[in-house]
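S.K.: The structure under discussion is supplied below as structure tokens; questions concerning it will follow.
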Amino acid sequence: MQKKIRQLSYQQDIKGELGSVIKSIDDELMLFENVPTPSELVRSIKWDISHPVKTDVTMMLTCTGGLSRGKINLKSYETKAPCIIIILPGQILECEYISDDFTYRLIAMSKRFTEILFMNISDKLPVLLSVNANQHITLDDSDLEMFNIYYEALKNIVAMRDNQHRLEIAKHLTLALFYHSDSKLHHIQEKPASPRALLVKQFLTLVENHYREQRQAGFYADKLCLTPKYLSQIIKFNTGKSVNEWIEAYIMLEAKALLNSTDMTVQQIADELHFPSQSFFGKYFKRLEGVSPKQYRQQ
153 MQKKIRQLSY QQDIKGELGS VIKSIDDELM LFENVPTPSE LVRSIKWDIS
203 HPVKTDVTMM LTCTGGLSRG KINLKSYETK APCIIIILPG QILECEYISD
253 DFTYRLIAMS KRFTEILFMN ISDKLPVLLS VNANQHITLD DSDLEMFNIY
303 YEALKNIVAM RDNQHRLEIA KHLTLALFYH SDSKLHHIQE KPASPRALLV
353 KQFLTLVENH YREQRQAGFY ADKLCLTPKY LSQIIKFNTG KSVNEWIEAY
403 IMLEAKALLN STDMTVQQIA DELHFPSQSF FGKYFKRLEG VSPKQYRQQ
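The sequence shown begins at 153 in my numbering and counts up one residue at a time.
This is the structure:
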């Protein structure tokens, strides 16, 4: 039986399934909060929480009660109210647990709205790099109150349907939220990392950016001006995984997300991940997962 598409799609899932509980401006910005139960939230947006889903949206989720656990691009997180989780387009989300008392406020933005939001590259890079480095932000009561003020202001703007400038106003309010998040992140920065910790971070950033095309440890060692042997020793000692294991983890995460989140053929997925053939991709996938891509999709 063909597996249903599980991509967390702005148009098909969020807008289509939760239209009765959201406020929105055209197809660009939507606000919603507290779908009655976590199970209904999961069901409404077609999540199978045992599998990764790839997003085509930007989401800023303020957790106001309860907790959840999961991963964003292999990075583990746990929400414990009050806090904010920011998910960017193209990232892969794995939701492992949502408590029964979980409550939230969510701002969802189309990819187009996000691009408009950060049209000036000087705005985009500092803020998004900061957010991407730490997508989970713990809040205190005053922070939560400030974010609630922003959210209520956005709700009021969204409701002003006769205001021809409401999308522009919403853009500036949303950008202010990102800047506030960035400011908060700077206040909670950890102590300066050790040289080895910085090296691990640089390596993982390189893998995240290049794993689709580059699968050899030598490529990453060259980028970091190290020998492959020394890089492998540092990464294994500090993370418990080898260089190759990290590369494989990113490739498999993307492959699983594409199998679960799209209706792409196995051949198309093999091409997307730069495998020389569908057969080579199938053998690679089965070696690491124990089943073929087709079997994984049908499970």
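The C-beta atom is built at its ideal place from N, Cα and C for all residues, glycine as well.
Because the structure is a prediction, the values reported are computed rather than measured.
Could you give the residue range of the alpha helix (DSSP H) that holds Val-418?
M.R.: 418 to 424
S.K.: I'd like the span of the beta strand (DSSP E) that includes Arg-257, first residue to last.
M.R.: 255 to 262
S.K.: So, using beta-carbon positions, are Gln-430 and Gln-447 closer together than 8 Å?
M.R.: no
S.K.: What three-state label does DSSP hand Val-310 in the structure shown?
M.R.: helix
S.K.: In this structure, how does DSSP classify Glu-230 when only helix, strand and coil are distinguished?
M.R.: Glu-230 sits in a strand when the DSSP states are folded into three classes.
S.K.: Who are the Cβ neighbours of Leu-181 in its own chain at under 6 Å, not counting the five residues just before and after it?
M.R.: Met-261, Phe-265, Ala-322
S.K.: Measure the CB-CB distance between Leu-329 and Met-212 and report whether it falls below 8 Å.
M.R.: yes
S.K.: Quick one: what does DSSP say Thr-414 is sitting in, helix, strand or coil?
M.R.: coil
S.K.: Between the Cα of Glu-246 and those of Arg-439, Asn-412, Tyr-303, spot the shortest distance and give me the residue it belongs to.
M.R.: Asn-412
S.K.: Sorted by chain position, which residues of the same chain lie with C-beta nearer than 7 Å to Gly-442's C-beta, five sequence neighbours on each side aside?
M.R.: none
S.K.: Please go through the segment 345 to 372 and give each complete alpha helix (DSSP H) segment of 4 or more residues, from N-terminal end onward.
M.R.: 347 to 362
S.K.: Closest to Ile-224 by CA distance: which of Asp-374, Lys-388, Leu-405, Asp-179 is it?
M.R.: Leu-405
S.K.: When the Cα of Asn-361 is compared with those of Pro-347, Lys-393, Tyr-402, which residue comes out closest?
M.R.: Tyr-402
S.K.: Which residue comes first and which comes last in the beta strand (DSSP E) that contains Phe-184?
M.R.: 181 to 185
S.K.: Taking all protein chains shown into account, do 16 or more other C-beta atoms lie within 10 angstroms of the C-beta of Asp-313, making it buried, or fewer, making it exposed?
M.R.: Rather than Asp, the amino acid found at residue 313 in this sequence is Arg. Arg-313 is exposed by the Cβ-count criterion.
S.K.: What would DSSP say about Thr-189, mapped onto helix, strand or coil?
M.R.: Only weak support is given to the placement of Thr-189: the predicted model assigns it a pLDDT of 47, under 50, and the value that follows is read from those uncertain coordinates. The DSSP-derived three-state label of Thr-189 is coil.
S.K.: Should Ser-394 and Ile-387 be called a contact, given that it needs their Cβ atoms to be closer than 8 Å?
M.R.: yes
S.K.: Just checking, does the segment 367 to 382 make contact with the segment 343 to 359 on the three C-beta pairs under 8 Å criterion?
M.R.: yes
S.K.: With DSSP as the reference, label Val-443 as helix, strand or coil.
M.R.: If DSSP states are grouped into helix, strand and coil, Val-443 belongs with coil.
S.K.: First and last residue of the beta strand (DSSP E) that includes Thr-216?
M.R.: 209 to 217
S.K.: Going by DSSP, name the residue or residues bridged to Arg-221.
M.R.: Glu-230, Tyr-249
S.K.: Using a C-beta cutoff of 8 Å, does Ala-369 count as contacting chain C?
M.R.: Looking at the structure shown, chain C is missing, and only one protein chain is on hand.
S.K.: In the structure shown, what three-state DSSP assignment does Thr-290 receive?
M.R.: In the three-state reduction of the DSSP assignment, Thr-290 falls in the strand class.
S.K.: Where does Lys-408 sit, in a helix, a strand or coil, going by DSSP?
M.R.: helix
S.K.: Just to confirm, is the Cβ distance from Ser-333 to Ile-301 under 8 Å?
M.R.: no
S.K.: What did DSSP end up calling Ser-176 once you bin it into helix, strand or coil?
M.R.: strand
S.K.: Alpha carbon to alpha carbon, how far is Gly-217 from Ser-294? Give it in angstroms, no decimals.
M.R.: 16 Å
S.K.: How far does the beta strand (DSSP E) with Cys-235 in it reach, from first residue to last?
M.R.: 235 to 239
S.K.: If you check the beta carbons only, do Gln-287 and Tyr-363 fall under 8 Å apart?
M.R.: Cβ distance not < 8 Å, so Gln-287 and Tyr-363 don't count as in contact.
S.K.: For Thr-255, collect the residues of the same chain with a Cβ closer than 7 Å to its Cβ; drop the 5 residues on either side in sequence, then sort them by chain order.
M.R.: The answer, listed in chain order, is Asn-186, Thr-216, Gly-217, Gly-218.
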